[in-house]
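I have placed the structure first, in the form of structure tokens, so that the comments after it can refer back to it.
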Amino acid sequence: MSKRYFFFVLAFLMVLLNACASSTVDEAEDVIVADTSNHVSNVSKFLDAKKWNELFPNRYHLSTLEDTVFKGVARQDFYSYEAFLKAAKLFPLFLGDGNDSIQKRELAAFLANMSHETSGGWDDAPGGMYKWGLYYIQEKGFPKSMVTEYSDTSKKKWPPVAGKSYHGRGPMQLSWNYNYGQFSEAYFGNKQVLLDNPDLLLQDPVLCFASAIWFWVRDQYPKPSCHDIMAEQWEPTAQDFAANRKIGFGAVVNVINGGLECGANHSDRTKYRYGFYQYFCNYLQIDQGPNAECSDQKPFGQ
């Protein structure tokens, strides 16, 4: 190798490293969805189609109670086990760390939050409150006249499209234009796909589940990812310890909705989120682990 070529390569690498270092944390650490069709997800170690049907007998369009809130979507087993497994294969990080116990807790935590966000149950619902996860495909009762409610025009990189609503859709209720834009970049390599047509999440079951898993494994800068918390990969800072934020399901609740459900803002409604977690832990035959609640935690950012 000539000296001239060597220094050219060295200079190129220095430019590349500097470019990476100057990226913001949330951009640099984003999760890009890749073709991992040959990946065997650890989901299949703990769940199969039969167990899925036991856990979600009233999922969207399968319940004996007809959902009359939203119409226009073809009747099908939208939230099927097969669709969930295909989406999980796209994210090797999901249930990818730790031993079986850690992976079971992560799965229980994911299913709990997914179920809580989409639940159609009530205290004395047929089969019990916790049999009604995945009942809704999008935000219950969201008025289509309020299309600008989830549009943040300050996010210049992912600007909302006029007339499009970015209300909650899918298992984790993906909301806001910037989340649709970032997930679209990760999944399609093009932010405009979902910014232009957010209803695609209601038409493609794998895409819909993928939006939830993407949210789960992606760092919620400056908060950690839900995956890192449950996989015990997160290292709380001194500020976190001072705010009583520690590894456990409670910190996951804090990431997802801490401003409304943790610390001084602790709500009685949060008991259902904890209840779902206990339900899935019992089903998977695993203890909840420490720090399962966030009532004594300050929300992230405080």
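According to the numbering used here, the stretch in the sequence shown is residues 1 to 302, in order.
Cβ coordinates follow ideal geometry from the N, Cα and C atoms, glycine included.
On the DSSP letters alone, give me the boundaries of the alpha helix (DSSP H) that residue i sits inside.
| i | result |
| --- | --- |
| Asn42 | It is not in any alpha helix (DSSP H) - Asn42 carries neither H nor E in the DSSP assignment. |
| Val252 | Phe249 to Glu261 |
| Met114 | Asp100 to Thr118 |
| Ser184 | Asn177 to Phe188 |
| Ile286 | Unbroken run through Ile286: none, as it is neither H nor E. |
| Ser211 | Pro205 to Val217 |
| Lys89 | Tyr81 to Lys89 |
| Asp196 | Gln192 to Asp196 |
From the DSSP output, in three-state form, read off residue i for me.
| i | result |
| --- | --- |
| Lys271 | helix |
| Lys223 | strand |
| Asp228 | helix |
| Glu54 | helix |
| Tyr150 | coil |
| Ala238 | helix |
| Phe280 | helix |
| Lys131 | helix |
| Leu200 | helix |
| Ala49 | helix |
Would residue i pass as a contact of residue j if the rule is Cβ separation under 8 Å?
| i | j | result |
| --- | --- | --- |
| His167 | Gln138 | yes |
| Met303 | Ala212 | This structure cannot speak to residue 303, because the chain is shown only from 1 to 302. |
| Ala83 | Phe209 | yes |
| Ala49 | Val206 | no |
| Tyr283 | Leu55 | yes |
Based on DSSP bridge pairs, tell me the residues matched to residue i.
| i | result |
| --- | --- |
| Lys157 | According to DSSP, Lys157 bridges with nothing at all. |
| Arg169 | Gln138 and Leu174 |
**Q.** the stretch 291-300 / the stretch 241-256 touching (three or more Cβ pairs under 8 Å)
**A.** They touch, by the three-pair rule.
Q. Given 8 Å as the limit, is there contact between the stretch 225-234 and the stretch 95-114, that is, 3 or more CB pairs closer than that?
A. Touching, yes.
Q. Are there three or more Cβ pairs, one per stretch, closer than 8 Å when the stretch 118-127 is compared with the stretch 242-252?
A. With the cut-off at 8 Å, the stretch 118-127 and the stretch 242-252 do not touch.
Q. Does the stretch 213-222 come close enough to the stretch 270-290 to have 3 or more Cβ pairs within less than 8 Å?
A. Because the criterion of three Cβ pairs below 8 Å is not met, the stretch 213-222 and the stretch 270-290 do not touch.
Q.
Taking 8 Å as the cut-off, does the stretch 159-178 touch the stretch 48-64 (at least 3 CB pairs, one atom from each stretch)?
A. No, because fewer than three Cβ pairs between the stretch 48-64 and the stretch 159-178 fall closer than 8 Å, the two stretches do not touch.
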